[in-house]
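Shown next, in structure tokens, is the structure this report addresses.
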Amino acid sequence: MVLSFGMMVCDTLLRPVDRDALSRDCTMIEKPVQACGGDALNTAIALSRLGIPVTMAGRVGDDLNGRFVLDQCRKLGMDVSHVVTDPVHATASSFALIEENGERHFLSDVTIFDEVDDGDLPDKAVENADIIYIGSACSFNRMNQGGLARILRRAKAHGRMTVMDAAINQRSVCSCWMDMFKEVLPYTDVFFPSYEEASAITGCREIPDISSAFKPMGLAYFGIKLGSKGCYATDFIRERYIECPRGIRAVDTTGAGDSFMAGLMAGLVNGLSFFESAGFAGSVASHSVQHMGAAGGILPYEDELYIYNHHKKLK
């Protein structure tokens, strides 16, 4: 079972929205779609669709959006007993403006994230999980001040695998990300940020330099998501650049990185090596972006594995 802790957002997806929309009085769009969002929640949903048991932990408001998010999680069979309902702050919400090519831009209210801390995650939730996934490192100010390290130390004390993604955004506040990560990476087995996040954390632009910056920090595995180019993966002995399947037409790239992380953990749970899991993750993400919404097109694990193996044979 995977415990996913981090962002929980209620998204409204609007498409197609071109870059000239604000210069017109009215722009015709398709029917708006309400969906769950946020890095950790997107990954949890993708894991659930892959057939991996998931417990979701995070914070929502006592409002319609919060109830929508929790109802959607329950419909997918997720355990939401450790989600905190905030009596004061509104559920985080975003409007995703999606272009014809699948690129998206967000209008967001996420003030509730300032209330999230390690006290939101009880020991019982950590004890009952096989993998502890931190889907939104860098996004919660209180967590960046020692809370993240405390959660990961607890997880390792219970002998659990720890997996982490970053989520640096305009609200992320830290004068030196490397100082924060030096405190948390010794308790992290797998860290797999995007290229932009890895570069912002290390201050390096070249992938070999980024990898070298993380090598002394105690990670077992490290990777960098490279969007449509695939990913870089290393155990600091071997390294590989893994391409995504070719000929993919993106409809909506919302949550592509989160679907990648779900595929990575699903591969590890099912006994694939780290490198095979990274390849499988790229296949899952490529399949996901061919459908509207984060994780909307993801199939059960065996079906996704068949698609992955089929693409491997075509190379």
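Numbering (our numbering), first residue to last: 1 to 315. Beta carbons: idealized from backbone N, C-alpha and C, even for Gly. None of these values were measured; they are calculated from a predicted model.
Open item on the list: Closer than 8 Å is the cut-off here; do at least three beta carbon pairs connect the segment 88–106 with the segment 148–156?
Closed with: Pairwise C-beta distances place the segment 88–106 out of contact with the segment 148–156, as fewer than three of them are shorter than 8 Å.
Open item on the list: Is the separation between the beta-carbon of M78 and that of T43 shorter than 8 Å?
Closed with: Start at 1 with the first residue of the sequence shown, and residue 78 comes out as number 78. Start at 1 with the first residue of the sequence shown, and residue 43 comes out as number 43. A distance of 8 Å or more separates the beta carbons of M78 and T43.
TODO: Tell me F106's beta-bridge partners as DSSP assigns them.
DONE: As a first step, residue 106 is located in the sequence shown; it is residue number 106 there, counting from the start. Beta-bridge pairing links F106 to A96.
Task: Stretch pair the segment 53–69 + the segment 19–31: three plus CB contacts closer than 8 Å - done: In short, these stretches do not touch, since the Cβ pair count stays below three.
- [ ] Would you mind giving the Cβ-Cβ distance between S139 and M7, rounded to the nearest angstrom? I have them listed as a contact below 8 Å.
- [x] Reading the sequence shown from its first residue, position 139 is the one you call residue 139. Reading the sequence shown from its first residue, position 7 is the one you call residue 7. About 6 Å separates the beta carbons of S139 and M7, which is inside the 8 Å limit, making them a contact pair.
Open item on the list: Which residues does DSSP list as the beta-bridge partners of C10?
Closed with: As a first step, residue 10 is located in the sequence shown; it is residue number 10 there, counting from the start. C36 and S93, per the DSSP bridge assignment.
Open item on the list: What does DSSP give as the partner residue(s) for G61 in the beta ladder?
Closed with: For the purposes of this step, residue 61 is taken as residue 61 along the sequence shown, with counting starting at 1. DSSP lists D86 as partners of G61.
Open item on the list: My output table needs one value for M28: the three-state DSSP class, helix, strand or coil.
Closed with: In the sequence shown, the residue the question calls residue 28 occupies position 28. If DSSP states are grouped into helix, strand and coil, M28 belongs with coil.
TODO: Would you check if there are 3 or more beta carbon pairs closer than 8 Å linking the segment 226–241 to the segment 131–145?
DONE: Verdict: no, contact absent.
Open item on the list: At 4 residues or longer, what runs of the alpha helix (DSSP H) sit wholly inside the segment 200–269?
Closed with: Entirely contained in the segment 200–269, the alpha helix (DSSP H) runs reaching 4 residues are, in chain order, 207–214 and 256–269.
Task: Burial state of D120, where buried means 16 or more other Cβ atoms lie within 10 Å - done: Taking the first residue of the sequence shown as 1, we reach residue 120 at position 120. Counting Cβ neighbours within 10 Å, D120 comes out buried, since at least 16 surround it.
- [ ] Within its chain, find whatever has a CB closer than 7 Å to the CB of S228; leave out the 5 residues flanking it on each side and keep chain order.
- [x] Against the sequence shown, residue 228 aligns to sequence position 228. These residues qualify, in order along the chain: C244.
Open item on the list: What would DSSP say about G282, mapped onto helix, strand or coil?
Closed with: Working through the sequence shown from its first residue, we reach residue 282 at position 282. Three-state result, G282: helix.
Open item on the list: Spatial neighbours of F191 within its chain, please: C-beta separation below 6 Å, excluding the five flanking residues on both sides.
Closed with: Within the sequence shown, numbered from 1, the residue matching residue 191 stands at position 191. So the list reads M164, L219 and F222, once near-sequence residues are dropped.
TODO: Please state whether DSSP places T188 in a helix, a strand or coil.
DONE: What you label residue 188 is simply residue 188 of the sequence shown in a count that begins at 1. In the structure shown, T188 sits in coil (DSSP, three-state: anything other than H, G, I, E or B).
Task: Range of the contiguous alpha helix (DSSP H) that encloses V163 - done: Reading the sequence shown from its first residue, position 163 is the one you call residue 163. Taken as a continuous stretch (DSSP letters only), V163 belongs to no alpha helix (DSSP H), being part of the beta strand (DSSP E) at M161 to A166.
Task: Limits of the beta strand (DSSP E) - the one that G135 falls within - done: Here residue 135 corresponds to residue number 135 of the sequence shown, with the count starting at 1. For G135, the enclosing beta strand (DSSP E) starts and ends at I131 to A137.
Open item on the list: Just to confirm, is the Cβ distance from V341 to I98 under 8 Å?
Closed with: Coverage of the chain is limited to positions 1 through 315, which leaves residue 341 absent and any answer about it impossible.
Task: T162 beta carbon less than 8 Å from that of F95 - done: Along the sequence shown, read from residue 1 onward, the residue named residue 95 stands at position 95. Along the sequence shown, read from residue 1 onward, the residue named residue 162 stands at position 162. No. Outside cutoff.
Task: Buried or exposed by the 16-neighbour rule on C-beta atoms within 10 Å, applied to R160 - done: Taking the sequence shown and counting its residues from 1, the one referred to as residue 160 is at position 160. It counts as buried.
Task: Residues near E197 by beta carbon distance below 7 Å, same chain, minus five either side - done: In the sequence shown, counting from the first residue as 1, residue 197 sits at position 197. For E197, same chain residues with a beta-carbon under 7 Å away, outside a window of 5 residues either side, are A166 and I168 in chain order.
Open item on the list: Using CA atoms only, rank isn't needed, just tell me which of T202, N144 and G203 is closest to V184.
Closed with: What you label residue 184 is simply residue 184 of the sequence shown in a count that begins at 1. In this structure, N144 is the residue among T202, N144 and G203 with its C-alpha nearest to the C-alpha of V184.
Open item on the list: Please state whether the Cβ-Cβ distance between I248 and S286 is less than 8 Å.
Closed with: Start at 1 with the first residue of the sequence shown, and residue 248 comes out as number 248. Start at 1 with the first residue of the sequence shown, and residue 286 comes out as number 286. With contacts defined as CB atoms closer than 8 Å, I248 and S286 qualify as a contacting pair.
Open item on the list: Considering just the uninterrupted stretch of the alpha helix (DSSP H) at L3, what are its terminal residues?
Closed with: Working through the sequence shown from its first residue, we reach residue 3 at position 3. Not the alpha helix (DSSP H): L3 falls in the beta strand (DSSP E), residues V2 to F5.
Task: Enclosing alpha helix (DSSP H) for G147 [first to last residue] - done: The sequence position of residue 147 within the sequence shown is 147, counting from 1. From DSSP, the alpha helix (DSSP H) with G147 extends over G147 to A157.
TODO: Could you round the C-beta distance between A278 and L47 to whole angstroms and report it? I think they count as a contact, below 8 Å.
DONE: Numbered from its first residue, the sequence shown carries residue 278 at position 278. Numbered from its first residue, the sequence shown carries residue 47 at position 47. The Cβ separation is near 16 Å, so there is no contact.
Task: Exposure label - P216; buried when at least 16 CB within 10 Å - done: Counting from 1 along the sequence shown, the entry for residue 216 is found at position 216. Exposed: under 16 other Cβ atoms inside 10 Å.
- [ ] Within 10 angstroms of the Cβ of K312, are there 16 or more other Cβ atoms? Answer buried if so, exposed if not.
- [x] If you number the sequence shown from 1, residue 312 lands on position 312. Taking all protein chains shown into account, K312 has fewer than 16 neighbouring C-beta atoms within 10 Å of its C-beta and is therefore exposed.
Open item on the list: Which of the three DSSP states is assigned to D319 in this structure?
Closed with: No information on residue 319 is available, as it lies outside the stretch 1 to 315 that the chain covers here.
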